[in-house]
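To start, the structure under review is shown below, and the notes come after it.
There are 4 protein chains.
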Amino acid sequence: MADEVTSWWQTEIIDIHPNIIRIRGYAIEDLIGNVGFVDQIWLMLRGERPSRVQARLLEAALVAAVDHGPQAPSIATARMAMTCGVGLNNAVASGVNLLGSIHGGAGEQALEFYEGIRAAMASGVSIDSAVAEAVDARLAVKRPIEGFGHRFHRKVDPRTPRLLKLLDEARAQGAIGGDYCAIGRTVEKRLLAVKRRPLPMNIDGITACLYGELGFPPPLARGLFILSRSVGILAHAWEQSRQGGRIKGPLPPSSPYAYTGHGPRKLTGPREEA
Amino acid sequence: MADEVTSWWQTEIIDIHPNIIRIRGYAIEDLIGNVGFVDQIWLMLRGERPSRVQARLLEAALVAAVDHGPQAPSIATARMAMTCGVGLNNAVASGVNLLGSIHGGAGEQALEFYEGIRAAMASGVSIDSAVAEAVDARLAVKRPIEGFGHRFHRKVDPRTPRLLKLLDEARAQGAIGGDYCAIGRTVEKRLLAVKRRPLPMNIDGITACLYGELGFPPPLARGLFILSRSVGILAHAWEQSRQGGRIKGPLPPSSPYAYTGHGPRKLTGPREEA
Amino acid sequence: MADEVTSWWQTEIIDIHPNIIRIRGYAIEDLIGNVGFVDQIWLMLRGERPSRVQARLLEAALVAAVDHGPQAPSIATARMAMTCGVGLNNAVASGVNLLGSIHGGAGEQALEFYEGIRAAMASGVSIDSAVAEAVDARLAVKRPIEGFGHRFHRKVDPRTPRLLKLLDEARAQGAIGGDYCAIGRTVEKRLLAVKRRPLPMNIDGITACLYGELGFPPPLARGLFILSRSVGILAHAWEQSRQGGRIKGPLPPSSPYAYTGHGPRKLTGPREEA
Amino acid sequence: MADEVTSWWQTEIIDIHPNIIRIRGYAIEDLIGNVGFVDQIWLMLRGERPSRVQARLLEAALVAAVDHGPQAPSIATARMAMTCGVGLNNAVASGVNLLGSIHGGAGEQALEFYEGIRAAMASGVSIDSAVAEAVDARLAVKRPIEGFGHRFHRKVDPRTPRLLKLLDEARAQGAIGGDYCAIGRTVEKRLLAVKRRPLPMNIDGITACLYGELGFPPPLARGLFILSRSVGILAHAWEQSRQGGRIKGPLPPSSPYAYTGHGPRKLTGPREEA
Chain V
81 MADEVTSWWQ
91 TEIIDIHPNI
101 IRIRGYAIED
111 LIGNVGFVDQ
121 IWLMLRGERP
131 SRVQARLLEA
141 ALVAAVDHGP
151 QAPSIATARM
161 AMTCGVGLNN
171 AVASGVNLLG
181 SIHGGAGEQA
191 LEFYEGIRAA
201 MASGVSIDSA
211 VAEAVDARLA
221 VKRPIEGFGH
231 RFHRKVDPRT
241 PRLLKLLDEA
251 RAQGAIGGDY
261 CAIGRTVEKR
271 LLAVKRRPLP
281 MNIDGITACL
291 YGELGFPPPL
301 ARGLFILSRS
311 VGILAHAWEQ
321 SRQGGRIKGP
331 LPPSSPYAYT
341 GHGPRKLTGP
351 REEA
Chain D
81 MADEVTSWWQ
91 TEIIDIHPNI
101 IRIRGYAIED
111 LIGNVGFVDQ
121 IWLMLRGERP
131 SRVQARLLEA
141 ALVAAVDHGP
151 QAPSIATARM
161 AMTCGVGLNN
171 AVASGVNLLG
181 SIHGGAGEQA
191 LEFYEGIRAA
201 MASGVSIDSA
211 VAEAVDARLA
221 VKRPIEGFGH
231 RFHRKVDPRT
241 PRLLKLLDEA
251 RAQGAIGGDY
261 CAIGRTVEKR
271 LLAVKRRPLP
281 MNIDGITACL
291 YGELGFPPPL
301 ARGLFILSRS
311 VGILAHAWEQ
321 SRQGGRIKGP
331 LPPSSPYAYT
341 GHGPRKLTGP
351 REEA
Chain B
81 MADEVTSWWQ
91 TEIIDIHPNI
101 IRIRGYAIED
111 LIGNVGFVDQ
121 IWLMLRGERP
131 SRVQARLLEA
141 ALVAAVDHGP
151 QAPSIATARM
161 AMTCGVGLNN
171 AVASGVNLLG
181 SIHGGAGEQA
191 LEFYEGIRAA
201 MASGVSIDSA
211 VAEAVDARLA
221 VKRPIEGFGH
231 RFHRKVDPRT
241 PRLLKLLDEA
251 RAQGAIGGDY
261 CAIGRTVEKR
271 LLAVKRRPLP
281 MNIDGITACL
291 YGELGFPPPL
301 ARGLFILSRS
311 VGILAHAWEQ
321 SRQGGRIKGP
331 LPPSSPYAYT
341 GHGPRKLTGP
351 REEA
Chain P
81 MADEVTSWWQ
91 TEIIDIHPNI
101 IRIRGYAIED
111 LIGNVGFVDQ
121 IWLMLRGERP
131 SRVQARLLEA
141 ALVAAVDHGP
151 QAPSIATARM
161 AMTCGVGLNN
171 AVASGVNLLG
181 SIHGGAGEQA
191 LEFYEGIRAA
201 MASGVSIDSA
211 VAEAVDARLA
221 VKRPIEGFGH
231 RFHRKVDPRT
241 PRLLKLLDEA
251 RAQGAIGGDY
261 CAIGRTVEKR
271 LLAVKRRPLP
281 MNIDGITACL
291 YGELGFPPPL
301 ARGLFILSRS
311 VGILAHAWEQ
321 SRQGGRIKGP
331 LPPSSPYAYT
341 GHGPRKLTGP
351 REEA
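Chains as they are written, first to last, in this note's numbering: chain V, 81 to 354; chain D, 81 to 354; chain B, 81 to 354; chain P, 81 to 354.
Dropping the structure here:
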């Protein structure tokens with residue numbers, strides 16, 4: 081019984097004994113002050129420490145995605161939450177809870193898309209053919225390709241060229257393979273050729289390249305985005321709490337919402353029999 | 081500008097003016113004391129009041145699903161939450177948050193499955209053929225059919241026969257059509273014939289019949305389950321808060337968990353270069 | 081060990097064995113179709129079934145509080161969530177998570193306030209003196225009294241007179257004691273006398289009376305409000321999902337927000353040394 | 081109208097225009113690759129970049145608190161959530177939601193406690209007297225002092241001496257003032273003297289010193305802990321999803337829970353009249 085109970089929860093991440101904490105085998109007191117926060121994130125998720133270049137690239141992605149303003153549902157929710165009488169952790173959780181497949185999952189979906197193309201390449205198809213086939217199949221079912229185009233930054237997502245440059249530098253050093261960056265660029269070109277208007281790679285498309293180069297599986301593209309955006313959610317929640325406000329809704333009280341339903345009516349008699 | 085702002089949020093559910101609240105056109109003071117809570121739920125979701133038989137059936141489903149014990153992750157989470165220093169609403173929200181596609185979505189998926197069979201019937205296929213085809217196709221890909229079989233109640237889910245009886249009575253009165261009940265029963269028979277062991281209809285399978293008969297779309301099968309199970313989540317959170325406890329984890333402290341990862345190791349030098 | 085493990089979670093609410101589910105001692109198949117949803121809520125929270133009058137009053141409170149429009153943070157959050165690619169349960173949880181001490185806890189705080197006055201009365205102080213002392217003490221520290229006044233319904237909260245009438249009828253029948261209603265009314269009068277403008281009892285003040293009369297402790301005033309408002313949160317989330325929208329923020333895209341921070345600046349050199 | 085709407089949400093954190101993103105005045109492309117993730121966290125929360133020593137200390141605190149094992153309610157909840165069919169963001173949110181005043185707020189409360197002592201010192205009281213008074217007042221009401229003692233690490237919390245050493249080094253360099261560290265140490269001594277058994281400073285007590293030295297207000301002690309622990313919550317949720325499992329509850333199925341409520345009983349007749 082004891083064994084069944086003990087082994088009901090199993091982990092390779094952390095080992096704890098009285099007065100001892102080991103993470104992935106390392107004593108916590110060895111890690112503190114000796115490894116960076118980004119290295120610790122990598123160690124927790126991957127089991128080993130990153131190289132210097134790997135940490136530098138992951139750091140750049142985490143820096144890039146912290147915030148995109150209070151008009152985003154996740155940030156707006158956290159700000160509203162702080163005016164409702166909940167804890168800072170509840171406000172952050174409410175915001176993170178909204179980073180679903182659409183709001184937080186575009187990087188994950190972009191990486192899945194890249195993986196499909198890369199698998200085709202591994203079976204001998206050229207990158208151009210593999211990309212063309214994948215892009216065209218997606219457009220044929222009128223489904224957008226996550227990671228390309230931005231409804232607000234139409235010309236360029238300012239985070240993309242900078243991250244791409246860091247990736248190119250890493251590749252020049254032989255630190256990463258470069259497949260995902262090549263795929264991302266080729267997708268961008270194919271989209272331009274087919275749609276006849278630019279749909280430039282956005283933050284989700286470029287971080288999917290970066291996470292792919294670093295060997296992260298697609299779900300962790302969303303996972304790492306969550307860690308990064310949590311910083312913005314926390315900062316906005318905190319700012320809102322200092323601004324004050326009670327039960328602050330989405331719109332100013334003077335223009336609440338449009339009612340488009342049934343006009344006034346009377347409740348007549350008991351409900352009808354079926 | 082004002083119009084664009086005002087109409088950014090649109091609803092047919094509720095209309096509010098100073099000193100006036102109307103729900104689906106009815107003044108709130110007419111509803112209070114004159115309609116039941118179940119009727120109010122129906123009115124909110126559907127726009128009109130239910131008939132007496134419809135309300136009675138919905139009520140039975142809501143009564144049936146309130147709780148299935150603290151070993152369920154949703155209930156366990158809410159109980160743990162109450163020992164962590166959060167509000168009762170945060171504890172309930174944490175529990176509801178876990179009613180995902182697997183833990184809370186089986187009824188929704190069962191109803192989707194029934195809808196597919198019903199669509200085949202509508203195009204002229206007999207119920208036996210439509211069910212056989214749907215069931216066999218699912219088993220061929222080794223995917224279980226949600227709503228049938230229960231890992232704990234292997235012989236009978238005690239909620240099923242009772243709900244089925246209420247549905248049969250309603251059908252005898254001509255209050256419901258009976259298609260979904262017939263489909264559910266036929267699925268049960270087909271599973272027995274193919275698997276050679278009973279996989280009796282469980283709470284998700286039977287409430288999917290009931291919600292289907294009442295005209296609810298599949299996502300609201302999950303939605304209504306959430307309303308019902310929220311009662312259990314609240315009751316357990318409240319019970320836990322009266323029992324006390326601080327930072328209560330899943331297992332007793334004497335048997336926390338199994339560590340299966342890397343043995344102790346030293347942090348040697350700076351991280352390697354890539 | 082087994083005993084310690086088994087008893088790590090304890091409940092008086094539900095007892096489950098293979099093919100058997102008992103709630104507060106009652107077989108689930110006896111409850112289904114025989115007790116109402118409101119009775120089931122009471123049974124889950126209190127351990128015994130309510131009388132007919134008790135159930136009728138609780139039902140009225142649950143009907144009254146289902147919704148107050150999409151300008152409320154809880155509803156807005158649930159609607160936004162549905163455009164972010166999360167499940168219906170996650171949208172409902174995000175909304176419920178915002179029903180904190182300010183947005184969802186006013187009824188709880190009103191009931192606590194009444195309980196303090198009632199305790200003074202139990203020690204022999206007259207209701208007028210007890211109320212005057214409690215109200216004046218609160219106003220002296222410039223803290224508002226939850227449950228009185230409404231920033232939108234300034235003249236009358238339309239839910240209050242109707243609920244008060246139901247409570248008066250129940251009292252005329254001898255079904256409730258009437259202390260909390262008397263306290264609520266006296267607080268209203270005192271506020272008018274001291275502030276020289278009406279601060280009429282609102283939904284939180286009147287449901288606090290109702291829950292007090294029914295013997296619910298203050299935290300369950302918030303708990304029951306959560307159950308009621310969950311209906312509105314679900315209805316709005318569902319309505320939003322049918323309206324569509326992707327990553328819908330609080331304000332229309334044309335008027336996102338005001339930036340009031342630091343003007344553009346350059347990142348110069350490495351960070352300064354401390 | 082437009083102005084009222086636009087200014088309904090205000091922020092000093094981020095300024096966005098088409099193709100431009102500025103954080104605290106800095107172009108995002110200047111930050112990416114040039115500032116560390118920890119610097120970015122500081123910039124988001126404080127408005128300016130940290131010095132090298134400040135970033136190094138903050139980094140140490142963030143590294144220290146990432147995880148304390150799956151027996152913690154927050155981690156257990158996230159792991160359970162992944163077996164319920166929700167997104168990775170929902171699992172992380174459910175875990176973060178449990179970091180309430182007890183499970184996640186001890187650092188915040190410790191810092192508040194230190195601030196009170198520091199205020200007394202600022203008015204001329206000696207550190208020994210200020211600490212003695214504060215500690216004794218707390219013990220007199222039998223309320224524990226957050227940040228001291230650990231129910232598992234009874235001799236030493238292995239994170240404390242290491243963080244204290246880093247703080248001492250920073251103080252030796254003149255990079256921090258040292259008040260909070262002195263207060264923390266004095267509290268530890270006073271507790272030993274009064275309780276006659278060691279209650280050594282734990283992770284919450286020492287990070288409260290660190291955050292205090294860095295000028296963070298108490299609520300951000302909880303906020304920064306959330307960012308750190310989110311890493312552990314994510315890592316465990318991800319590990320669980322690779323382990324598989326469906327609807328995994330807190331205890332193994334063989335030992336679910338103890339039922340301590342009413343024995344079996346019959347539902348007799350309609351409910352009694354009040």
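Heads up, the beta-carbon is just placed ideally off N, CA and C, and yes, glycines get one too.
Legend entry - Cα-Cα separation, residue 323 (chain D) to residue 94 (chain B): 16 angstroms
Inset, instruction - Could you check what DSSP says for residue 248 (chain B) in three-state terms: helix, strand or coil? - result: helix
Legend entry - Option nearest residue 141 (chain B) by Cα separation, candidates B:126, B:284 and B:83: B:284
Legend entry - Where the alpha helix (DSSP H) containing residue 102 (chain P) begins and where it ends: First-last for residue 102 (chain P): 100 to 103, but that is the beta strand (DSSP E), not the alpha helix (DSSP H).
Legend entry - Backbone secondary structure at residue 208 (chain D) - three-state DSSP: helix
Legend entry - Distance between residue 159 (chain B) and residue 293 (chain D) (C-alpha atoms, nearest Å): 27 angstroms
Inset, instruction - Go to residue 313 (chain B), then tell me how far its alpha helix (DSSP H) extends in each direction, as first and last residue. - result: 298 to 323
Inset, instruction - Report the option in V:151, V:251, V:164 and V:101 whose CA atom is closest to the CA atom of residue 137 (chain V). - result: V:251
Legend entry - residue 182 (chain B) in three-state terms, based on DSSP: coil
Legend entry - chain P contact residues for residue 287 (chain B), given Cβ-Cβ distances below 7 angstroms: Under the 7 angstroms cutoff, chain P gives no residues; its nearest Cβ is about 19 angstroms from residue 287 (chain B).
Legend entry - Short CB-CB distance (under 7 angstroms) between residue 86 (chain B) and chain D: no
Inset, instruction - State yes or no: is the beta carbon of residue 157 (chain B) nearer than 7 angstroms to at least one beta carbon in chain V? - result: yes
Legend entry - Closer than 7 angstroms to chain V by CB, residue 182 (chain B): yes
Inset, instruction - May I have the straight-line CA-CA distance separating residue 278 (chain D) from residue 211 (chain D), to the nearest angstrom? - result: 16 angstroms
Inset, instruction - State yes or no: is the beta carbon of residue 122 (chain D) nearer than 7 angstroms to at least one beta carbon in chain V? - result: no
Inset, instruction - Can you say whether residue 353 (chain D) is buried or exposed, counting buried as having 16 or more other CB atoms within 10 angstroms of its CB? - result: Its pLDDT being 48, under 50, residue 353 (chain D) is placed unreliably by the model, and nothing is read from it.
Inset, instruction - Label residue 334 (chain P) either buried or exposed according to how many other C-beta atoms from any shown protein chain fall within 10 Å of its C-beta, with 16 as the threshold for buried. - result: exposed
Legend entry - Distance, residue 328 (chain D) Cα to residue 183 (chain V) Cα: 33 angstroms
Legend entry - Continuous alpha helix (DSSP H) stretch holding residue 286 (chain D): start and end: 283 to 293
Legend entry - Any C-beta of chain P under 7 angstroms from that of residue 33 (chain D): Past the boundaries of the shown model lies residue 33 (chain D); chain D is included only from 81 to 354, so the question cannot be answered.
Inset, instruction - Measure the C-alpha to C-alpha separation of residue 171 (chain B) and residue 147 (chain D) and round it to an integer number of angstroms. - result: 21 angstroms
Inset, instruction - Tell me, please, which residues DSSP counts as bridged to residue 90 (chain V). - result: D:338
Inset, instruction - Answer yes if the stretch 180 to 198 of chain P comes into contact with the stretch 177 to 195 of chain V, meaning at least three C-beta pairs across the two stretches below 8 angstroms, and no otherwise. - result: no
Legend entry - Rounded straight-line distance, which links the Cα of residue 275 (chain B) to that of residue 222 (chain B): 12 angstroms
Inset, instruction - Quick one: grab the DSSP three-state call for residue 141 (chain P). - result: helix
Legend entry - Distance, residue 346 (chain D) Cα to residue 174 (chain V) Cα: 39 angstroms
Inset, instruction - Could you tell me which chain P residues have their CB closer than 8 angstroms to the CB of residue 99 (chain D), listed as they occur along the chain? - result: Those within 8 angstroms of residue 99 (chain D) in chain P number zero; the least Cβ separation is about 24 angstroms.
Inset, instruction - Name, please, each residue of chain D whose Cβ falls closer than 9 angstroms to the Cβ of residue 310 (chain B). - result: 172, 176, 306, 307 and 310
Inset, instruction - Please check the pair residue 86 (chain D) and residue 291 (chain V), which I expect to be a contact at CB under 8 angstroms, by giving their CB distance rounded to whole angstroms. - result: Actually they are not in contact, since the Cβ atoms of residue 86 (chain D) and residue 291 (chain V) sit about 41 angstroms apart, beyond 8 angstroms.
Inset, instruction - Using a Cβ-Cβ cut-off of less than 9 angstroms, give me the residues of the stretch 183 to 195 of chain P that come near chain D, in sequence order. - result: 183, 184 and 185
Legend entry - Per DSSP, the bridge partner or partners of residue 97 (chain V): V:100
Inset, instruction - Report yes or no: do the stretch 262 to 270 of chain D and the stretch 297 to 310 of chain D share at least 3 C-beta pairs separated by less than 8 angstroms? - result: no
Inset, instruction - Give me the Cα-Cα distance between residue 101 (chain V) and residue 151 (chain P), rounded to the nearest whole angstrom. - result: 14 angstroms
Inset, instruction - Determine the direct distance from the alpha carbon of residue 342 (chain B) to that of residue 302 (chain V), and round the result to whole angstroms. - result: 31 angstroms
Inset, instruction - Could you please give the first and the last residue of the uninterrupted alpha helix (DSSP H) stretch that includes residue 174 (chain D)? - result: 168 to 177
Legend entry - Supposed close pair residue 286 (chain B), residue 340 (chain B) - CB separation, criterion 8 angstroms: No, residue 286 (chain B) and residue 340 (chain B) are not in contact; Cβ-Cβ is about 41 angstroms, not under 8 angstroms.
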